[in-house]
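Undergrad: Have a look at the structure that comes next, please.
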Amino acid sequence: MPIKTEPFIINMGPQHPSTHGVFRMRVTLDGEVVTDIEPVIGYLHRGIEKLAEGRTYKQDIPLCDRLDYVCSMTNDLAYCMTVEKLAGVLVPERAEYIRVIMAELQRIVNHLIAVGAFINDLGAFVTPFMYMFREREKIVDLFEMVSGQRLLYNYMRFGGVSHDLPEEFLPALKKFIDKMPGFIEEYDQLLAENEIVLARAKGVGILSRDLALDISASGPVLRASGVDWDIRKADPYSIYDSFAFDIPTGNAGDSYDRYWVRMQEIRQSVRIIKQAIKQVPAGKVCTPVPLRLRPPAGEAYARIESPKGELGFYLVSDNSPKPYRFHIRAPSLINLTALRDMIVGWKLADAIIIFGSIDVTMAEVDR
Amino acid sequence: MYLFDNFWMHFVVFTAIIIVFVFGMAMGFIYIERRGIGRFQIRQGPNRTGPLGLLQPVADAVKVLLKEDLIPAKGDKFIFWLAPIITFVPVFMIFAVVPFQRGALLADLNIGILYVVAVSSVVSVGVFMAGWSSNNKYALVGAMRDVAQLISYEIPIVLSIVGVVLIAGSLSMVRIVEAQTVPFILLQPLGFLIFFLGSLAEVNRTPFDLVEADSEIVAGYNIEYSGMKFAMFFLAEYCETLALSAIIAIIYLGGWNGPWLPPFLWFLAKVFFVFFLIIWIRSTIPRLRIDQVMAFAWKFLLPMALINLVITGIQVLFWQDVLPWPLIFLNVAIMIVLILLWSRMFKLGGGRVEV
Amino acid sequence: MTLVLSAPEVATKLESHFPDSIVESREESLVVKSESLLDIASFLKAAPEYDFNYLTHITAIDYNSYFEVVYQLTSTVHNNSLVMKVRIDERNNPVMPSMVNLWRGADFQEREIYDLFGIEFEGHPNLKRIFLWEGFPGYPLRKG
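Chains as they are written, first to last, in our numbering: chain B, 364 to 730; chain L, 381 to 735; chain F, 2 to 145.
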């Protein structure tokens, strides 16, 4: 005779050491097995889309920094590209190279943090996290050299970047990039074949290929499920078509594959930066653009491959200095759509790991 | 054999020594752990309170004493008050039979090691009382996980101790140390591994620390505890680590045996060595999930412990007087073969459940 | 490069299958009537020459006399994209068919549009506010 049991609802609340920001999940448990989850978001909703309608285009650049605060260079890049498309502004070649270098460095930073936090959720007591932050410190020092900031850079402008690279930047970057592959090898040695990481992450939280395309997933989440779709190759923007790099793809779509894809992407970013350093030309870094820019009436959508996925901005202009509609296509929000499918059937401990492997920043989800 | 002839003198002196030793070493271990883990993570540990941060445990103790003692309104108040006591006292009781030197122990029971095993099992009762009386779902989940883990790992521990007892021929701790002309870690390598992993699980240390997994269920059974009660749980964990390190030092590493230094210094050195291993593992390895922990205990450690027992029995029965060295090589070889073979067959279990 | 399909060509193709469903087709965007939205969307997803299996994003705009909901579809197979729009003139109770059964990625995005604009999507399995709390008065992203 089966024992009568009741479902047990646990609230993994907005304040939780491991939910990567203010994310709340109401989890229904049957013993240790999760039978249902209901994500509750909106704790970090600041109304950026409405705020942006009350400010001029240039004043919106710092707002875009604060969307996904871990990767603020790429947010700025996407927004500036959209406005340049809307207003028909051309970007000089040196600025394009600088933008690519900054975007790829930002990708390395984001993946280091994502992987570090993922292993931290697995329980390795912040040790890998500390090691990865050691590398992040060096990159953040490079960013501070160009923009004076460590987290929210406000560096891109319409028509280029705001300041030229100081003289000590390229040698310091070269020194860092030469040592970086050694650090990645170190992480791989410690983590990639670790029994416990494999036991906890392999086969856990599988996102099948069809479901991934159906929910419009993008970025490492989509590529780990076996879909070879990267905006840098499918719809190249800036000068990405002049670099040689690969797109790492997983095949199982489990948490381990998402972690593995990110580690491989760090290697590819290092490759792109090495090529960019050799090819940077001299020249201007910004096309002059009026302070209160009035783009012609119309709309534009431009997208980039941000470290979290496809980040796009959809702007509608009515020939006034302020945007009429400012919409952000947030990859983290859309990647979260399949969370329920990925977690149901696993245990409570796996729920945190699966959520961590999607790599979400709540500031981007809630905007 | 006691150090003092007068029973009461001996009793009072050694009780005082044990209390000072346990509390002092626990504070020292807290400090060593925080600095040690800091160095593993390429940062310094605490270095503000006192020179080199040496007063950090004192600062922790003062902080904890000054905190407000919250009691959940709907919990069972008597059990809530009793739980830390039941968790802490047995750990202290283990030290009654730990010998620092020949004759330097509180009570040379002739069932020494059995006493240790029996007393350390009472801790799981205290843990469950804590989880239940907190009136909190997280605490209950944590307590249930913990009790399951503690009970499962008792059996491999006891079986590996039986292996040592077979070779030494006695349950008394002093006799076990005296019988170690060759440290038993060499004669019983598999037993050492099983006992070590089992004791990591008993004290809820990584990789088995899912009970206090502060990245999942936010500290498990001692969520609702604050102030001195929380300090008792915290101390109980460190003292139990110390106790089990001492037991490992005694039954596997040879207790107080060693050349030119005084014996109790050798004992302390061995305890430190085992504790350092525990810290090293904590700062490096991620943690397992509860069903993997269970599978590991029942499907891997238990059969290994049984096989170890059978082999030890055969060796004691037939090769009593053989020189130790061939036996050592034989045992190490058997251990390696068994571990390799068994891990091929061992599936960690778990997997997706259809709902 | 992703080829943005020219809307007039797609419009002529669609007119032959679904007569009287296109409102207008300028160079880059195709405006469709909301009654025929589901049929056209299913056709665009299933037809092998289009094969739009990926919904890039959905958003809404409030022009003061009407709402406009914008869909951007992408085909990862052919590497094409298409922008499709629907206009709603009803300001008090705007209703649209939901795309969740075709592309599950519409789930959270339609909830967001409901939350911030007040446009209801029929057929959505869980149409609740997503960012703001239940009981929030009004719809913030509407103009005026």
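Just so you know, even glycine gets a beta-carbon here, dropped at the ideal spot from N, CA and C.
Since the structure is predicted, the reported quantities are computational estimates derived from the model, not experimental observations.
1. Going by the DSSP bridge assignment, what does H58(F) pair with across the sheet?
2. When Cβ atoms are compared, which residues of the region 3-19 of chain F fall closer than 7 Å to chain B?
3. By Cβ distance below 6 Å, which residues in the same chain neighbour G566(B) in space, the five residues on each side in sequence not counted?
4. Below 8 Å between beta carbons: does that hold for I631(L) and V544(L)?
5. Sort D456(L), F409(L) and K454(L) by Cα distance to L435(L) and report the nearest one.
6. Check whether the region 416-427 of chain B touches the region 390-404 of chain L, taking contact to mean three or more Cβ pairs, one atom from each stretch, closer than 8 Å.
7. What does a CB cutoff of less than 8 Å around K647(B) pick up in its chain, not counting 5 residues either side in sequence?
8. With distances taken from CA atoms, which of S99(F), S30(F) and I59(F) is nearest L696(B)?
9. Can you tell me where the alpha helix (DSSP H) holding P491(B) begins and where it ends?
10. Would you call the region 35-45 of chain F and the region 5-24 of chain F touching, i.e. three or more CB-CB distances under 8 Å?
11. DSSP on N374(B), reduced to helix/strand/coil?
12. Mind listing the chain L neighbours of Y494(B)? Cutoff is C-beta to C-beta under 8 Å, in chain order.
13. Here's the rule I'm using: 16 or more other beta-carbon atoms within 10 Å means buried, otherwise exposed. How should N427(L) be labelled?
14. Measure the CB-CB distance between M725(B) and G479(B) and report whether it falls below 8 Å.
15. Using the beta-carbon count (16 or more within 10 Å), is I540(B) buried or exposed?
16. Say whether chain B places a C-beta atom closer than 8 Å to the C-beta of I714(L).
17. Could you check which residue in L570(L), F572(L) and A548(L) has the C-alpha nearest to that of L561(L)?
18. In the region 479-490 of chain B, which residues sit with their C-beta less than 8 Å from some C-beta in chain L, listed in chain order?
19. Which residues of chain L have a Cβ atom closer than 7 Å to the Cβ of A565(B), listed in chain order?
20. Can you find the residues in the same chain that come closer than 6 Å, C-beta to C-beta, to Y603(B), ignoring five residues on each side of it along the sequence?
21. Buried or exposed: which applies to Q700(L), given that a residue is buried once 16 or more other Cβ atoms fall within 10 Å of its Cβ?
22. Residues in its own chain within less than 8 Å of P491(B) by CB, not counting five upstream and five downstream?
23. Name the one or two DSSP bridge partners that F676(B) has.
24. Along the region 654-684 of chain L, where does the CB come closer than 9 Å to a CB of chain B? Name the residues.
25. Within the 8 Å Cβ cut-off, does S595(L) reach chain B?
26. With 8 Å set as the bound, which would you pick, yes or no: does the beta-carbon of R497(B) sit closer than that to a beta-carbon of chain L?
27. From what residue to what residue does the beta strand (DSSP E) around R88(F) run?
28. I'd like to know if R387(B) contacts chain F, where contact means its C-beta is closer than 8 Å to some C-beta of that chain.
29. Using a Cβ cut-off of 8 Å (strictly closer), state whether T586(L) contacts chain B.
30. Which residue's Cα is closest to the Cα of D393(B): T368(B), A487(B), R387(B) and P377(B)?
31. Does N490(L) pass the burial test, meaning 16 or more other C-beta atoms within 10 Å, or should it be called exposed?
32. For chain B, is any of its Cβ atoms less than 8 Å away from the one on L573(L)?
33. Check D484(B) in the structure and name its three-state DSSP category.
34. Starting from the C-beta of T445(B), find all residues in its chain whose C-beta is less than 6 Å away, skip the five residues before and the five after it, and write them out in chain order.
35. Closest to K448(B) by C-alpha separation, out of S683(B), I569(B) and P659(B), would be which residue?
36. Which whole-angstrom value is the C-beta distance of D526(L) and V507(L), which I expect to be below 8 Å?
TA: Walking through what the data contain:
1. Beta-bridge pairing links H58(F) to Q73(F).
2. Taken in chain order, the members of the region 3-19 of chain F whose beta-carbon sits within less than 7 Å of a beta-carbon on chain B are T3.
3. Non-local beta-carbon contacts of G566(B) in its own chain, meaning distances under 6 Å to residues more than five positions away in sequence, involve D617 in chain order.
4. Yes, they are a contact pair.
5. Selected option, being the one with the closest Cα: F409(L).
6. They do not touch, by the three-pair rule.
7. Excluding positions up to five away in sequence, the list reads P455, R457, A458 and G523.
8. Its Cα nearest to that of L696(B), the residue I59(F) stands out among S99(F), S30(F) and I59(F).
9. In the DSSP assignment, P491(B) falls within the alpha helix (DSSP H) that extends over T490 to S510.
10. Yes: the two stretches touch, three or more of their Cβ pairs being nearer than 8 Å.
11. Looking at N374(B) - three-state DSSP - the assignment turns out to be strand.
12. Simply Q421 and I422.
13. Exposed, because fewer than 16 other Cβ atoms sit within 10 Å of the Cβ of N427(L).
14. With respect to the 8 Å criterion, M725(B) and G479(B) are not classified as neighbours on the basis of their beta carbons.
15. The Cβ neighbour count for I540(B), taken over all protein chains shown within 10 Å, is at least 16; the residue is labelled buried.
16. Judged by the 8 Å Cβ criterion, I714(L) is not in contact with chain B.
17. Contrary to the premise, residue 561(L) reads as Thr rather than Leu in this sequence. Nearest C-alpha to T561(L): A548(L).
18. The region 479-490 of chain B vs chain L, Cβ under 8 Å: I482, N483, D484, L485, G486, A487, F488, V489 and T490.
19. The sequence as given places Lys at residue 565(B); Ala does not occur at that position. Under the 7 Å cutoff, chain L gives no residues; its nearest Cβ is about 10 Å from K565(B).
20. Counting only Cβ-Cβ distances below 6 Å, and skipping sequence neighbours, we find R595.
21. Answer is exposed; the Cβ neighbour count stays below 16.
22. Taken in chain order, the residues that qualify are V478, G479, I482, N483, Y550, L553 and L554.
23. DSSP, once it has assigned bridges, lists A665(B) and I691(B) as partnering F676(B).
24. Of all residues in the region 654-684 of chain L, R662, S663, T664, I665, P666, R667, L668, R669, I670, D671 and Q672 have a Cβ within less than 9 Å of some Cβ in chain B.
25. Unreliable positioning characterises S595(L) in this predicted model, as indicated by a pLDDT of 47, which lies under 50. The coordinate reading is nonetheless provided below. Yes, its Cβ sits closer than 8 Å to a Cβ of chain B.
26. Yes - at least one Cβ of chain L is within 8 Å of the one on R497(B).
27. Residues N81 to I89.
28. The beta carbon of R387(B) does not come within 8 Å of any beta carbon belonging to chain F, so the residue lies off that interface.
29. It does: the Cβ of T586(L) has a partner Cβ on chain B nearer than 8 Å.
30. The candidate whose alpha carbon is nearest that of D393(B) is T368(B).
31. In summary, N490(L) is exposed, with fewer than 16 beta-carbon neighbours lying within 10 Å of its beta-carbon over all protein chains present.
32. The beta carbon of L573(L) sits no closer than 8 Å to any beta carbon of chain B.
33. The three-state secondary structure of D484(B), taken from DSSP, is helix.
34. Within the same chain, T445(B) has close Cβ partners A663, A665, F676 and L678.
35. Among S683(B), I569(B) and P659(B), the Cα nearest to that of K448(B) is on P659(B).
36. In this structure D526(L) is in contact with V507(L), their Cβ atoms being roughly 5 Å apart against a cut-off of 8 Å.
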